[in-house]
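Student:
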Amino acid sequence: MTSKTQRSAAAVALTILAAGMLAGCATDTPGATDGGDAAPIVIGAVSSITGPAPFPEVPGAAQAVFDRVNAEGGINGRQIKLVSVDDGADPAQAAQAARRLVQEDGVVAMVGSASLVECSANAAFYEKSDVVSIMGTGVEPSCFTAKNIAPVNNGTVPGYASLLYFASETLGHDKVCPVILNSAGLTDPYLEVIEKWEQDTGSTAPHIDTSVVLGDDPTPAILAVRDAGCNAVVFNANEPVAVAFMNTVKQQGLLGSADWLTLTSAYSESAFDALAAQGTLGMYANSEFLPFMSDDAALDGWRETLTAANVPRTSLSIGGYVSAEILVEVLRSIDGEITNETVLAAFRALDEIENPLMGMPFTFGDAPSHNPNRASRMVQATENGWQTVGDWVIVP
Amino acid sequence: MIDGIVAGLASGTAYAILAVCVVVLFRLTGVLNFAQAALGAFGAYLCYALAGAHLPLWLAALAGLAAAGIIAGLVGWVLARWFSTPTTTERIVVSVVFLIVLLAAGFRLFGDTPRVMPSLLPEGVLTIGGVRVSLTTVVALGLAVAVAVGVSLLLRHTHVGVRLQAMSERPMTVQLLRVNTRALSIGAWAGTGVLSALALLLVAPARNQTFESMSFLVIPALAAALLGGFSNIWVAAGSGLAIGAIEGAAARIDGLANYRGALPFVLIVIALIWMRRRRVWDDAR
Numbered sequence: 001m002t003s004k005t006q007r008s009a010a011a012v013a014l015t016i017l018a019a020g021m022l023a024g025c026a027t028d029t030p031g032a033t034d035g036g037d038a039a040p041i042v043i044g045a046v047s048s049i050t051g052p053a054p055f056p057e058v059p060g061a062a063q064a065v066f067d068r069v070n071a072e073g074g075i076n077g078r079q080i081k082l083v084s085v086d087d088g089a090d091p092a093q094a095a096q097a098a099r100r101l102v103q104e105d106g107v108v109a110m111v112g113s114a115s116l117v118e119c120s121a122n123a124a125f126y127e128k129s130d131v132v133s134i135m136g137t138g139v140e141p142s143c144f145t146a147k148n149i150a151p152v153n154n155g156t157v158p159g160y161a162s163l164l165y166f167a168s169e170t171l172g173h174d175k176v177c178p179v180i181l182n183s184a185g186l187t188d189p190y191l192e193v194i195e196k197w198e199q200d201t202g203s204t205a206p207h208i209d210t211s212v213v214l215g216d217d218p219t220p221a222i223l224a225v226r227d228a229g230c231n232a233v234v235f236n237a238n239e240p241v242a243v244a245f246m247n248t249v250k251q252q253g254l255l256g257s258a259d260w261l262t263l264t265s266a267y268s269e270s271a272f273d274a275l276a277a278q279g280t281l282g283m284y285a286n287s288e289f290l291p292f293m294s295d296d297a298a299l300d301g302w303r304e305t306l307t308a309a310n311v312p313r314t315s316l317s318i319g320g321y322v323s324a325e326i327l328v329e330v331l332r333s334i335d336g337e338i339t340n341e342t343v344l345a346a347f348r349a350l351d352e353i354e355n356p357l358m359g360m361p362f363t364f365g366d367a368p369s370h371n372p373n374r375a376s377r378m379v380q381a382t383e384n385g386w387q388t389v390g391d392w393v394i395v396p
Numbered sequence: 397m398i399d400g401i402v403a404g405l406a407s408g409t410a411y412a413i414l415a416v417c418v419v420v421l422f423r424l425t426g427v428l429n430f431a432q433a434a435l436g437a438f439g440a441y442l443c444y445a446l447a448g449a450h451l452p453l454w455l456a457a458l459a460g461l462a463a464a465g466i467i468a469g470l471v472g473w474v475l476a477r478w479f480s481t482p483t484t485t486e487r488i489v490v491s492v493v494f495l496i497v498l499l500a501a502g503f504r505l506f507g508d509t510p511r512v513m514p515s516l517l518p519e520g521v522l523t524i525g526g527v528r529v530s531l532t533t534v535v536a537l538g539l540a541v542a543v544a545v546g547v548s549l550l551l552r553h554t555h556v557g558v559r560l561q562a563m564s565e566r567p568m569t570v571q572l573l574r575v576n577t578r579a580l581s582i583g584a585w586a587g588t589g590v591l592s593a594l595a596l597l598l599v600a601p602a603r604n605q606t607f608e609s610m611s612f613l614v615i616p617a618l619a620a621a622l623l624g625g626f627s628n629i630w631v632a633a634g635s636g637l638a639i640g641a642i643e644g645a646a647a648r649i650d651g652l653a654n655y656r657g658a659l660p661f662v663l664i665v666i667a668l669i670w671m672r673r674r675r676v677w678d679d680a681r
């Protein structure tokens, strides 16, 4: 009897321990309602701050912009207050957070959100509630097909397309091979942009590889592009997979026989260190904004603002920064009352906003979907670190 | 085709060693360790984290192996202390909880940013069938065979081996004979923990995987162990290599390439039905 009780107690203890480790430490920023002479303009953000791929620096960068604007006197004397909420990469939490922000906190717009799940959870709600969301980092495809959501980043598929155009048009390769590392249901959008790129540029890919699942050993795909005689290979890896992919390329002795190009998440210091350590420099990646590691003077404002607010300076943080700057410009243009309806109307009436960190002007208008940033600047891992190569590549 | 098979064998070595560890532990303790690969990955990642903090590689590797052994030993101790005659459900629950804890802890500690993964062995490349195979892969293959041979000999021809087998088959009898089963089973856990960490340390530099993707190498390994009926070490090791080879070969055949991940499992189902064709299922269990 005792042993049975003991045993169940042990099982319960183990389960609780496991659950505790999984639960994480979701934290919310409570939305206070402090009044004052001029009540603050309340802005919301729903981001994955905890979870498998956290992006705390994106809403952090938006907050840094608002801190600066507030210190300079705010918007016509009114302070901006950002209520940034964590969705823990959980759609239910994201939906709850958006409803609370809109219905209880009375936010006039969403800005600087960076979430794995927010768009599919909230796109319909934002449209119904007449709230606009200028996202810092949109991840899901549904971020780019919603009427009231406009992410300032490219998204993976347009980013991938920019690499194809760069390989054929800027680098001048005639045998560009796309390698698509599969992840559930995301292959078809890639195949569509490959077809469009072939039509636009008159290129024909000698081989399109879809045989490897993201995270698996990429050797079969690499042997296939070797046999097809490709002189440029565009692959859709995330940061760790890009490093593993290049390691296999080197192992098969193909580093010098083609140019290797991959998506923007590989553009990081940790990826560079790993690439350099395994001797696979030379890889290209796209940067969806002005490359954050370059010493371009246009980055000075971003660098100073984020340093002052103690926010990590990453490529993604530029998204939060740019989205907040765009919102500030639009808020300043509004005469009269600032409500979610007037902010949405101002975005609908917007012609375009130039931002030096983006390769094309931001537009919104009355379009049923938005992908305002389809421009990338390419970077290459060289002995002197990541170096910017060529001009902006804009996907038509 | 040949190049695909050779490329696949490289992944197959990892499946094979892990499958051998799974089978050995199952035979000795009756626990199907779903966390076998996660445990190895934990040791390997700890080694790379320490090497990244400028510890000499050999010391970091020893620390990683020791950590994997100690963690596995602790689980063995928990089982022996609180679940001395565990039911099947309890064994499975402990194994699943162990996997979840390791996955969560590993992700918290190591994240998914790419890491510099230095190789334990000097760089060297062999060309076989038009594919370059790294020296570490060949050593890993050798290790898989050596482990299979070593464990078979140990179980069959040594005193400890006989006691270990007796412990899994008749735990009560062995306890009545005053054999220290707790120490034996903790030893079996720790030993397989160290081996799986060593396997992943050999395989990781060629793949540079994330902690999570390394942890799920256990799925093909479990499939290989299943083919060996969770008792035959040789069949398990061979099946691990075969699963890798089939995956690799399928990648080079148009029309099959997109389904290559699932292909070995289809073949396993067919193989199992064939192998057990004369038995009634209830009987075979």
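For the record, the sequence lines run as chains Z and E. The numbering of the first sequence is my numbering, which starts it at 1 and goes up by one. The numbering of the second sequence is my numbering, which starts it at 397 and goes up by one. Using N, Cα and C, we set each Cβ at its ideal position, and we do this for glycine too. As the structure is a prediction and not an experimental result, all values here were calculated from the model.
Note down, in chain order, every chain Z residue with its Cβ under 8 Å from the Cβ of residue 521(E).
Tutor: Translated into positions along the second sequence, residue 521(E) becomes position 125. Residues of chain Z passing the Cβ test: 251, 253.
Student: Hey, does residue 380(Z) have any beta-carbon neighbour from chain E nearer than 9 Å?
Tutor: Indexing the first sequence from 1 puts residue 380(Z) at position 380. No - not a single Cβ of chain E is within 9 Å of the one on residue 380(Z).
Student: For the 8 Å Cβ check, are there 3 or more pairs between the stretch 125-140 of chain Z and the stretch 104-117 of chain Z?
Tutor: Yes: the two stretches touch, three or more of their Cβ pairs being nearer than 8 Å.
Student: Can you tell me which of 358(Z), 354(Z), 85(Z) puts its alpha carbon nearest to the alpha carbon of residue 56(Z)?
Tutor: Sequence index remark: in the first sequence, residue 56(Z) carries index 56 (1-based). The option with the nearest alpha carbon to residue 56(Z) is 85(Z).
Student: List the endpoints of the continuous beta strand (DSSP E) containing residue 150(Z).
Tutor: Residue 150(Z) sits at position 150 when you count from the first residue of the first sequence. Careful: residue 150(Z) lies outside any beta strand (DSSP E) and carries neither H nor E.
Student: Counting only runs of 4+ residues fully inside the stretch 204-292 of chain Z, write out the alpha helix (DSSP H) ranges in chain order.
Tutor: Entirely contained in the stretch 204-292 of chain Z, the alpha helix (DSSP H) runs reaching 4 residues are, in chain order, 219-227, 239-251, 269-277.
Student: The alpha helix (DSSP H) spanning residue 484(E) covers which residue range?
Tutor: The residue labelled residue 484(E) in the question sits at position 88 within the second sequence. Looking at the DSSP string, the run of the alpha helix (DSSP H) that includes residue 484(E) is 484-506.
Student: Skipping 5 residues on each side, what residues in its chain have a beta carbon closer than 6 Å to that of residue 121(Z)?
Tutor: Within the first sequence, the letter at position 121 stands for residue 121(Z). Once the five neighbours on either side are set aside, the close Cβ partners of residue 121(Z) are 91, 94, 95.
Student: Using C-beta distances below 6 Å, list every residue in its chain close to residue 147(Z), excluding the 5 sequence neighbours before and after it, in chain order.
Tutor: What you label residue 147(Z) is simply residue 147 of the first sequence in a count that begins at 1. Cβ neighbours of residue 147(Z) beyond the five flanking positions: 127, 368.
Student: Step through the CB atoms of chain E and report whether any lies within less than 9 Å of the CB of residue 156(Z).
Tutor: What you label residue 156(Z) is simply residue 156 of the first sequence in a count that begins at 1. Chain E contact via Cβ: absent.
Student: Taking a contact to mean a Cβ-Cβ separation below 9 Å, would you say residue 165(Z) touches residue 190(Z) in this structure?
Tutor: Reading the first sequence from its first residue, position 165 is the one you call residue 165(Z). Reading the first sequence from its first residue, position 190 is the one you call residue 190(Z). Not a contact, by the Cβ cut-off of 9 Å.
Student: Whole angstroms is fine: what's the gap from residue 386(Z)'s alpha carbon to residue 394(Z)'s?
Tutor: Residue 386(Z) sits at position 386 when you count from the first residue of the first sequence. Residue 394(Z) sits at position 394 when you count from the first residue of the first sequence. Straight-line Cα distance between these residues: approximately 21 Å.
Student: Can you list, in chain order, the residues of its chain whose CB lies under 7 Å from that of residue 639(E), leaving out five sequence neighbours each side?
Tutor: The count along the second sequence starts at 1 and reaches residue 639(E) at position 243. The answer, listed in chain order, is 408, 411, 616, 619, 620, 660.
Student: Tell me where the beta strand (DSSP E) around residue 377(Z) begins and ends.
Tutor: The count along the first sequence starts at 1 and reaches residue 377(Z) at position 377. Element bounds for residue 377(Z): 375-382.
Student: From the DSSP output, in three-state form, read off residue 397(Z) for me.
Tutor: Within the shown structure, residues of chain Z are numbered from 1 to 396, placing residue 397(Z) beyond reach of any answer.
Student: Can you give me the Cβ contacts of residue 474(E) inside the same chain, cut-off strictly under 8 Å, excluding the 5 residues immediately before and after it?
Tutor: Taking the first residue of the second sequence as position 1, residue 474(E) is located at position 78. Within the same chain, residue 474(E) has close Cβ partners 490.
Student: Below 8 Å CB to CB, which residues in the same chain sit around residue 397(E) once its five sequence neighbours on both sides are set aside?
Tutor: Residue 397(E) sits at position 1 when you count from the first residue of the second sequence. Taken in chain order, the residues that qualify are 645, 648, 649.
Student: When you compare only the Cα positions, how much space is there between residue 406(E) and residue 533(E)?
Tutor: On the second sequence, residue 406(E) is found 10 positions in, with the first residue counted as 1. On the second sequence, residue 533(E) is found 137 positions in, with the first residue counted as 1. Residue 406(E) and residue 533(E): Cα-Cα distance of roughly 6 Å.
Student: Can you pull out the residues from the stretch 640-663 of chain E whose beta carbon lies closer than 7 Å to at least one beta carbon of chain Z?
Tutor: Residues passing the 7 Å Cβ filter: 644, 647, 648, 653, 654, 656, 657.
Student: So, for residue 222(Z): in the same chain, excluding its five sequence neighbours on each side, which residues have a beta-carbon less than 7 Å away from its beta-carbon?
Tutor: As a working note, residue 222(Z) is residue 222 in the first sequence. Taken in chain order, the residues that qualify are 248, 249, 252, 254.
Student: Looking only at C-alpha atoms, which of 287(Z), 177(Z), 150(Z) sits nearest to residue 326(Z)?
Tutor: One-based indexing of the first sequence puts residue 326(Z) at position 326. Nearest of 287(Z), 177(Z), 150(Z) to residue 326(Z), Cα basis: 150(Z).
Student: List the DSSP bridge partners of residue 386(Z).
Tutor: Residue numbering aside, residue 386(Z) sits at position 386 when the first sequence is read from its first letter. Paired residue(s): 381(Z).
Student: Cα-Cα, which of 365(Z), 370(Z), 318(Z) is closest to residue 355(Z)?
Tutor: In the first sequence, the residue the question calls residue 355(Z) occupies position 355. Considering only alpha carbons, the answer is 318(Z).
Student: Alpha carbon to alpha carbon, what distance is there between residue 227(Z) and residue 107(Z)?
Tutor: Your numbering for residue 107(Z) matches position 107 in the first sequence. Your numbering for residue 227(Z) matches position 227 in the first sequence. Each residue's alpha carbon lies about 56 Å from the other.
Student: Could you round the C-beta distance between residue 130(Z) and residue 341(Z) to whole angstroms and report it? I think they count as a contact, below 8 Å.
Tutor: Looking up residue 130(Z) in the first sequence gives position 130. Looking up residue 341(Z) in the first sequence gives position 341. With a Cβ gap of about 5 Å, residue 130(Z) and residue 341(Z) count as contacting.
Student: Are the stretch 364-384 of chain Z and the stretch 281-298 of chain Z touching, with three or more C-beta to C-beta distances below 8 Å?
Tutor: Result yes; three or more Cβ-Cβ pairs closer than 8 Å.
Student: Per DSSP, which one or two residues make a beta bridge with residue 114(Z)?
Tutor: The count along the first sequence starts at 1 and reaches residue 114(Z) at position 114. Its beta-bridge partners are 137(Z).
Student: Using a beta-carbon distance below 9 Å, is residue 21(Z) in contact with chain E?
Tutor: The count along the first sequence starts at 1 and reaches residue 21(Z) at position 21. Note on residue 21(Z): pLDDT 49, under 50, position unreliable in the model; the coordinate value appears next. Chain E, which has a Cβ nearer than 9 Å to the Cβ of residue 21(Z), makes this yes.
Student: Here's the rule I'm using: 16 or more other beta-carbon atoms within 10 Å means buried, otherwise exposed. How should residue 655(E) be labelled?
Tutor: In the second sequence, residue 655(E) corresponds to position 259, counting from 1. Under this definition residue 655(E) is an exposed residue.
Student: DSSP beta-bridge partners for residue 178(Z)?
Tutor: In the first sequence, the residue the question calls residue 178(Z) occupies position 178. Answer by DSSP bridge pairing, in chain order: 234(Z).
Student: What residue ranges within the stretch 574-628 of chain E form continuous alpha helix (DSSP H) runs of no fewer than 4 residues, ordered along the chain?
Tutor: Fully enclosed alpha helix (DSSP H) runs of 4 or longer: 577-603, 607-611, 614-623.
Student: Between residue 215(Z) and chain E, is any beta-carbon pair separated by less than 9 Å?
Tutor: Sequence index remark: in the first sequence, residue 215(Z) carries index 215 (1-based). Yes, residue 215(Z) lies at the interface with chain E (some Cβ there is under 9 Å from its Cβ).
Student: Return the Cβ separation of residue 176(Z) and residue 203(Z) in integer angstroms, given the expectation that the two are a contact with Cβ distance under 8 Å.
Tutor: The residue you call residue 176(Z) lines up with position 176 of the first sequence. The residue you call residue 203(Z) lines up with position 203 of the first sequence. Yes, they are in contact, since the Cβ atoms of residue 176(Z) and residue 203(Z) sit about 6 Å apart, within 8 Å.
Student: Less than 9 Å between the beta carbons of residue 259(Z) and residue 241(Z), yes or no?
Tutor: Taking the first sequence and counting its residues from 1, the one referred to as residue 259(Z) is at position 259. Taking the first sequence and counting its residues from 1, the one referred to as residue 241(Z) is at position 241. In this structure, residue 241(Z) does not lie closer than 9 Å to residue 259(Z) by Cβ.
Student: Taking 9 Å as the threshold (beta carbon to beta carbon), is residue 270(Z) in contact with chain E?
Tutor: For the purposes of this step, residue 270(Z) is taken as residue 270 along the first sequence, with counting starting at 1. True, the Cβ-Cβ gap to chain E drops below 9 Å.
Student: Determine which residues share a DSSP beta bridge with residue 394(Z) and list them.
Tutor: One-based indexing of the first sequence puts residue 394(Z) at position 394. Paired residue(s): 375(Z).
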